[in-house]
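Per our numbering: the sequence shown = residues 1207 to 1557. A virtual CB, placed ideally from N, CA and C, is assigned to each residue, including glycine. Since we're looking at a predicted model, the values are computed, not measured. One structure is given here, and the rest of the page talks about it.
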Amino acid sequence: MSAIVGDIMYVLLSCAISLDGYLDDATEKRLVLSNAADLDRVDAERAGVDAILVGANTIRRDDPRLSVRSPARRAAREAAGKPATPLKVILSSREPPAGAAFRADGDALVTHGPLDAVVRELADRGVERLMVEGGGRVLTGFLTAGLADELQLVIAPFFVGDSTAPRFVHDGRFPRTGGDRAVLASVATIGNVVLHRYLLSEPAIDRHWLTEAIELSHQCPPSTTAFSVGAVIVDPAGEVLATGYSRETDDLVHAEEAALAKLAADDPRLRTATMYSSLEPCDRRKSRPASCSRLIRAAGIPRVVFALREPDTFVVGEGAEDLTAAGIATVEYPELGDAVREANRLQLGLP
Ligand SMILES: NC(=O)c1ccc[n+]([C@@H]2O[C@H](COP(=O)([O-])OP(=O)(O)OC[C@H]3O[C@@H](n4cnc5c(N)ncnc54)[C@H](OP(=O)(O)O)[C@@H]3O)[C@@H](O)[C@H]2O)c1
Ligand SMILES: [Zn+2]
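In structure tokens, the structure reads:
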């Protein structure tokens, strides 16, 4: 099995909850969970998307504007040929009131139905990056349908303490419960709240580890005769088993080889792990008898993810074909190829 992952819609979920997991309290008044600095961060996220989506109850209870507030961000969007504020998508089977605040500016779309159909409808309208801002029913729907790439979860330091208040999530079957977990990409303290960024989908998780592998490749001692590559071996729960980079331990060692050398050959965790390598693993090399694809096959690693096919600067490589023929799933993210070329400017003769 071999796959090249290209452009698909990126779905970002964003919300703030209390310590006991509520999105709001049960009173009529809107509960403010986050602070000014965090609201400004959310405004910046909004400015970076093509559409913002909320459920009908959020409109009914909060009457949000759903607009980019910052004049500078609105101007920057317009300078880039976009509308000042992203498309507002309201999930509702009924038409929201004519006086609703979201109608104040920008384009709006009221729609409903199965979420995968809604996502397709938005993709057809050119939405590449979607921000889902709540409430709990809608967030649960995106999570349980496996449609979320990322969750930005802010936790405010107080309790609501009322089980009749709206919850962040409802019952359901969530992907990555049990075995596979989300990847915690970052944690940040913003004044009195904490922001967690979780990666949920396979492409989002793959891009995260591949980016780590590319960053590692910048640690390679310089060379004009071999590429600079980084490799990260990760288990299904998102634990890093080993990392390596080209020429890490001697002048000839390859990144994948350096990472594998840090684990016992019979380590059982290798049989469910993914090898992330910035460059396609080699299947022939002048320097040593065992190619990286052979080492990966011998280790029993079932899945290999890389960004760039090996340029035929030094040898003509067919590592991906070799791995695929051995039944190893290979996935390629060409969108990250430029970052790999950047780490190999010298080798590729780039200006
Ligand atoms: N803290 C935060 O970050 C945050 C963010 C947003 C909201 N909130 C809070 O969340 C609360 C509202 O959450 P909620 O769970 O009650 O409601 P919600 O998720 O905002 O809205 C759910 C409603 O959306 C409509 N809908 C249409 N198509 C749907 C679909 N495919 N899937 C799901 N819903 C669809 C349905 O209403 P119809 O019957 O009209 O179709 C459904 O009842 C409010 O109290 C609000 O303050 C908090
Ligand atoms: Zn190699």
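Backbone CA spacing between residue i and residue j [nearest angstrom]
i	j	result
leucine 1225	phenylalanine 1364	6 Å
glutamate 1171	valine 1295	The requested residue 1171 is not part of the displayed model; the chain covers only 1207 to 1557.
glutamate 1548	serine 1423	10 Å
methionine 1481	alanine 1222	34 Å
leucine 1359	histidine 1376	16 Å
arginine 1387	glycine 1444	7 Å
glycine 1312	serine 1298	18 Å
alanine 1461	arginine 1280	44 Å
glutamate 1516	glycine 1436	13 Å
arginine 1309	alanine 1286	23 Å
methionine 1207	arginine 1551	In this prediction, methionine 1207 has a pLDDT of 47, which is less than 50 and means its spatial position is unreliable; what the coordinates show is noted afterwards. Between methionine 1207 and arginine 1551, the C-alpha separation is close to 31 Å.
glutamate 1454	isoleucine 1396	37 Å
aspartate 1199	valine 1446	The requested residue 1199 is not part of the displayed model; the chain covers only 1207 to 1557.
leucine 1390	leucine 1458	34 Å
glutamate 1441	glutamate 1234	Just to set this straight, residue 1441 is aspartate in the shown sequence, not glutamate. Approximately 46 Å, taken between the alpha carbons.
glycine 1261	arginine 1343	7 Å
tyrosine 1216	isoleucine 1361	23 Å
valine 1537	threonine 1449	19 Å
phenylalanine 1374	alanine 1304	28 Å
valine 1400	isoleucine 1439	29 Å
proline 1289	leucine 1349	28 Å
proline 1270	alanine 1306	8 Å
leucine 1556	aspartate 1544	12 Å
alanine 1394	histidine 1402	7 Å
leucine 1293	arginine 1266	19 Å
glycine 1367	isoleucine 1258	29 Å
alanine 1429	aspartate 1456	Position check: residue 1429 holds serine in this sequence, whereas alanine was assumed. Rounded to whole angstroms, serine 1429 to aspartate 1456 spans 12 Å at the Cα level.
alanine 1354	tyrosine 1404	10 Å
proline 1277	isoleucine 1214	29 Å
asparagine 1398	arginine 1331	38 Å
glycine 1347	alanine 1232	21 Å
alanine 1242	arginine 1275	12 Å
glutamate 1301	serine 1499	57 Å
Assumed close pair residue i, residue j - CB separation to whole angstroms, cut-off 8 Å
i	j	result
serine 1497	arginine 1490	6 Å
alanine 1371	tyrosine 1228	4 Å
leucine 1542	leucine 1416	6 Å
glycine 1319	threonine 1264	Not confirmed; about 18 Å, so no contact.
alanine 1351	leucine 1321	5 Å
arginine 1382	leucine 1406	7 Å
aspartate 1535	arginine 1509	A quick correction: the sequence has alanine, not aspartate, at residue 1535. Their Cβ separation, rounded to whole angstroms, is 5 Å, which keeps alanine 1535 and arginine 1509 in contact under 8 Å.
leucine 1514	leucine 1476	Rounded, the Cβ-Cβ distance is 24 Å, inconsistent with contact.
tyrosine 1451	alanine 1464	6 Å
isoleucine 1184	valine 1546	This structure leaves residue 1184 out entirely; the chain is present only between 1207 and 1557.
leucine 1501	leucine 1554	That belief does not hold up - the Cβ atoms of leucine 1501 and leucine 1554 are roughly 25 Å apart, past 8 Å.
valine 1522	lysine 1492	Not really, about 12 Å apart at Cβ, beyond 8 Å.
Near ligand 4: residue i beta-carbon under 8 Å from a heavy atom
i	result
glutamate 1524	Inclusion of ligand 4 in the displayed structure is not the case, the ligand content consisting of ligand 1 and ligand 2 alone.
beta-carbon residue i near ligand 1 non-hydrogen atom, thresh 8 Å
i	result
valine 1173	What is shown of the chain runs 1207 to 1557, which leaves residue 1173 out entirely.
valine 1217	no
histidine 1402	no
glycine 1347	yes
asparagine 1398	no
serine 1407	no
cysteine 1426	no
glutamate 1334	no
proline 1303	no
alanine 1222	yes
aspartate 1330	no
leucine 1297	yes
valine 1255	no
Cβ-heavy atom distance, residue i to ligand 2, below 8 Å
i	result
serine 1497	yes
proline 1487	yes
arginine 1453	no
histidine 1460	yes
arginine 1413	no
arginine 1515	no
glutamate 1527	no
Interface flag, residue i vs chain C, CB-CB below 9 Å
i	result
arginine 1247	In the structure shown, chain C does not exist; there is a single protein chain.
Q: Starting from the N-terminal side, write out each stretch of the alpha helix (DSSP H) that is 4 residues or longer and does not extend beyond the stretch 1447-1517.
A: 1461-1466, 1498-1505
Q. Is the number of C-beta pairs between the stretch 1518-1530 and the stretch 1411-1425 that are closer than 8 Å three or more?
A. no
(Q) Restricting to runs no shorter than 3 residues, where is the beta strand (DSSP E) found entirely within the stretch 1245-1269? (A) 1257-1261
Q) Three or more C-beta pairs closer than 8 Å, one from the stretch 1240-1249 and one from the stretch 1309-1327: is that the case here? A) no
Q.
Would the stretch 1248-1267 count as touching the stretch 1335-1351 if we require 3 or more Cβ pairs under 8 Å?
A. yes
Q) Can you list the alpha helix (DSSP H) stretches of 4 or more residues lying completely in the stretch 1302-1350, in chain order? A) 1321-1330, 1342-1350
Q: Count the C-beta pairs between the stretch 1498-1507 and the stretch 1461-1471 that are closer than 8 Å, then say yes if the count reaches three, no if not.
A: yes
Q: Kindly provide the ranges of any beta strand (DSSP E) runs that are 3 or more residues long and lie completely inside the stretch 1409-1451, ordered along the chain.
A: 1436-1440, 1446-1451
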